[in-house]
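Numbering (the numbering used here), first residue to last: 89 to 375. Scroll down for the structure; my scribbles are underneath it.
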Ligand SMILES: [Zn+2]
């Protein structure tokens, strides 16, 4: 059995496990019907998978072949011992995904597509693969640049892929972990409470916590914001909270039509949270 099939089985098993346990121990209360959301997320994810399999994966594999034959990319230049190279490669991949995520929020064209991921009115493991196929298609260019500049090997790429996919599902899940356990885990991994804040309707909270696997890049770039209690968070994008905004067809055409003011609700209000206290304890994960 080849490596990508192993990855698929591991990721599928983690998905099913998280899907079951997040229903038993939910972190945030569910407000709407699960089935309608699941169907929308499954179809959007299906298109994302097909785009990834037909375009992103072949392009990344070609780039991997290319860098394995030419002495190109940072890791080739550095010539580190094998295990140091593995760690450095792993960190570089995660750091570059941090930058890609930031770009998806800051560049208006990219945000049109990434917004489809964020306007899911609830957050659980089914949101984890809900990316507009346009966002996946645009990521092809990023992946080729990422692989070429880092000079990553097949082994590091494959190992990171499993951890990346697994942690993406984990941090999107609605699983309530004991707070002390999550605070401990969050020193090493992006966790559900941390990423829940990234899906808040408050603009500056959405523009925080961009990390995928390691939470350290947010600390380093001062984009960390952990002190928002999950019970205070409304999930989604304010401008797209009307009933019907999460309908399948609407999410498909959304990046290609006139955009609304993302940060104002249909009644004109903009969700906000101002407190000097929140500014002080940004690195403390709230319950
Ligand atoms: Zn995001």
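C-beta: ideal position from N, C-alpha, C; glycine also.
In terms of residues, what are the limits of the alpha helix (DSSP H) holding residue i?
{"i": "residue 157", "result": "145 to 157"}
{"i": "residue 227", "result": "221 to 238"}
{"i": "residue 132", "result": "122 to 139"}
{"i": "residue 246", "result": "242 to 260"}
{"i": "residue 267", "result": "267 to 273"}
{"i": "residue 195", "result": "Element bounds for residue 195: n/a, residue is neither H nor E."}
{"i": "residue 162", "result": "162 to 166"}
{"i": "residue 337", "result": "336 to 341"}
{"i": "residue 289", "result": "No alpha helix (DSSP H) holds residue 289; DSSP gives it neither H nor E."}
{"i": "residue 351", "result": "Here residue 351 belongs to no alpha helix (DSSP H), and DSSP marks it neither H nor E."}
{"i": "residue 308", "result": "304 to 308"}
Counting only the same chain and skipping the five closest in sequence on each side, list residues whose C-beta sits under 7 Å from that of residue i.
{"i": "residue 373", "result": "270, 271, 274, 281, 282 and 314"}
{"i": "residue 251", "result": "301"}
{"i": "residue 370", "result": "312, 313, 314 and 315"}
{"i": "residue 111", "result": "none"}
{"i": "residue 221", "result": "135, 136 and 139"}
{"i": "residue 239", "result": "155, 160, 161, 162, 163 and 164"}
{"i": "residue 114", "result": "262 and 264"}
{"i": "residue 120", "result": "209 and 210"}
{"i": "residue 347", "result": "200"}
{"i": "residue 102", "result": "254 and 257"}
So the candidates are the options; which of them puts its Cα closest to the Cα of residue i?
{"i": "residue 304", "options": "236, 183, 329 and 128", "result": "183"}
{"i": "residue 256", "options": "288, 240, 215 and 230", "result": "215"}
{"i": "residue 186", "options": "309, 105 and 114", "result": "309"}
{"i": "residue 204", "options": "337, 159, 358 and 356", "result": "337"}
{"i": "residue 345", "options": "108, 197, 166 and 121", "result": "197"}
{"i": "residue 292", "options": "362, 189, 106 and 245", "result": "362"}
{"i": "residue 180", "options": "330, 277 and 244", "result": "244"}
{"i": "residue 231", "options": "177, 173, 347 and 144", "result": "144"}
{"i": "residue 353", "options": "339, 341, 347 and 330", "result": "330"}
{"i": "residue 188", "options": "233, 152 and 127", "result": "233"}
{"i": "residue 131", "options": "357, 339 and 347", "result": "339"}
{"i": "residue 351", "options": "102, 199, 317 and 106", "result": "199"}
{"i": "residue 223", "options": "195, 212 and 328", "result": "195"}
{"i": "residue 96", "options": "246, 173 and 170", "result": "246"}
{"i": "residue 268", "options": "279, 259 and 158", "result": "279"}
{"i": "residue 276", "options": "306, 317 and 341", "result": "306"}
{"i": "residue 237", "options": "191, 177, 248 and 260", "result": "177"}
{"i": "residue 158", "options": "235, 171, 109 and 323", "result": "235"}
{"i": "residue 260", "options": "118, 266, 212 and 299", "result": "212"}
{"i": "residue 190", "options": "153, 266 and 296", "result": "296"}
{"i": "residue 107", "options": "122, 298 and 349", "result": "122"}
Kindly examine ligand 1 and report whether one of its heavy atoms sits closer than 7 Å to the Cβ of residue i.
{"i": "residue 129", "result": "no"}
{"i": "residue 192", "result": "yes"}
{"i": "residue 206", "result": "yes"}
{"i": "residue 202", "result": "yes"}
{"i": "residue 259", "result": "no"}
{"i": "residue 220", "result": "no"}
{"i": "residue 369", "result": "no"}
{"i": "residue 309", "result": "no"}
{"i": "residue 189", "result": "yes"}
{"i": "residue 286", "result": "yes"}
Looking only at its own chain, which residues have a Cβ that is under 8 Å from the Cβ of residue i, when we skip the five neighbours before and after it?
{"i": "residue 99", "result": "250, 253, 254 and 257"}
{"i": "residue 125", "result": "208, 209, 210, 214 and 334"}
{"i": "residue 294", "result": "193, 206, 286, 287, 288 and 325"}
Hey, does residue i have any beta-carbon neighbour from chain B nearer than 8 Å?
{"i": "residue 225", "result": "Included in the structure is just one protein chain, with no chain B present."}
Since I believe residue j is in contact with residue i (beta carbons under 8 Å), could you give me their beta-carbon distance rounded to a whole number of angstroms?
{"i": "residue 147", "j": "residue 228", "result": "5 Å"}
{"i": "residue 133", "j": "residue 264", "result": "With a Cβ gap of about 24 Å, residue 133 and residue 264 do not count as contacting."}
{"i": "residue 201", "j": "residue 226", "result": "7 Å"}
{"i": "residue 150", "j": "residue 284", "result": "No, residue 150 and residue 284 are not in contact; Cβ-Cβ is about 37 Å, not under 8 Å."}
Note down, in chain order, each residue of its chain lying with its Cβ closer than 6 Å to the Cβ of residue i, except the 5 sequence neighbours on either side.
{"i": "residue 359", "result": "289, 290 and 326"}
{"i": "residue 328", "result": "207"}
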